[in-house]
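Residue numbers (the numbering used here): 29 to 215.
A quick write-up on the structure given underneath.
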Amino acid sequence: AADREDPHAQCNLGYRLATGKGAEQNAEEAVKWYRQATKQGHPLAMNNLGVMYANGEGVEASEREAAKLFQQAADKNCTLSQFNMGVMCVHGRGVRKAETAAAKWFGLAAKAGHSGAQFALGLLTADGLGVNKDNEEAARLYREAAVQGDALAQNNLGVLYAEGRGVQQDSKEAARLYTQSSEAGLT
């Protein structure tokens with residue numbers, strides 16, 4: 029199917045080659061298939077090709093090219109790319125550092141249920157970076173990520189409960205969340 033110009037099959041083959049799941053790992057071949065699917069406008073292939081550029085796998089590393097691909101896919105409502113654009117913007121990787129833009133991208137991905145974006149937007153909201161500082165909103169975002177098993181969000185929500193920021197102070201809830209995050213692997 030990949031040879032018949034099916035962009036979904038091309039993206040899938042690229043993924044299998046990039047990860048070694050179901051095919052022998054070959055980053056250069058993965059890039060080839062991602063490029064073919066990207067030419068046909070496949071958003072996940074754009075995202076995955078962006079990851080290859082960001083990590084220098086199968087291609088020469090280029091944060092600028094990665095950000096360009098993430099932007100194209102994010103504009104097509106690819107949640108992973110919206111999150112990745114937020115990361116690029118918050119750190120100034122391949123684009124100008126801009127917390128406001130990061131908050132926008134994280135917000136779009138958070139609304140789609142991406143736990144990493146919910147956590148990241150919670151961080152920005154708790155510190156007032158790119159958005160108004162709002163501990164109640166930060167707690168809400170951390171909670172959304174925490175119920176999906178995000179250990180960092182569980183920990184940060186625990187801190188808010190321990191300190192009574194954005195939520196009513198509750199030492200028992202803080203301890204429960206700290207335990208939960210520790211059991212999820214946070215040390």
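Positions of the beta carbon are idealized from the N, C-alpha and C atoms, including for glycine.
Residue i, buried or exposed, once every other Cβ within 10 Å from all chains shown has been counted against 16
i      : result
Thr128 : exposed
Gly144 : buried
Asn83  : exposed
Ser209 : buried
Gln196 : exposed
Asp31  : exposed
Ala203 : exposed
Which of helix, strand or coil DSSP assigns to residue i
i      : result
Val175 : coil
Leu169 : helix
Cys106 : coil
Asp31  : helix
Asn183 : helix
Arg44  : helix
Lys49  : coil
Ala37  : helix
Val79  : helix
Leu214 : coil
Span of the alpha helix (DSSP H), counted from its first residue to its last, around residue i
i      : result
Asp155 : Ser143 to Asp155
Gln99  : Glu91 to Ala102
Glu211 : Ser199 to Glu211
Asn160 : No alpha helix (DSSP H) holds Asn160; DSSP gives it neither H nor E.
Val87  : Taken as a continuous stretch (DSSP letters only), Val87 belongs to no alpha helix (DSSP H), as it is neither H nor E.
Lys125 : First-last for Lys125: undefined, no H or E at that position.
Lys60  : Ala55 to Lys67
Residue-level contact to chain C via CB, residue i, 8 angstroms cutoff
i      : result
Gln197 : Among the chains in the structure shown there is no chain C, since it carries only a single protein chain.
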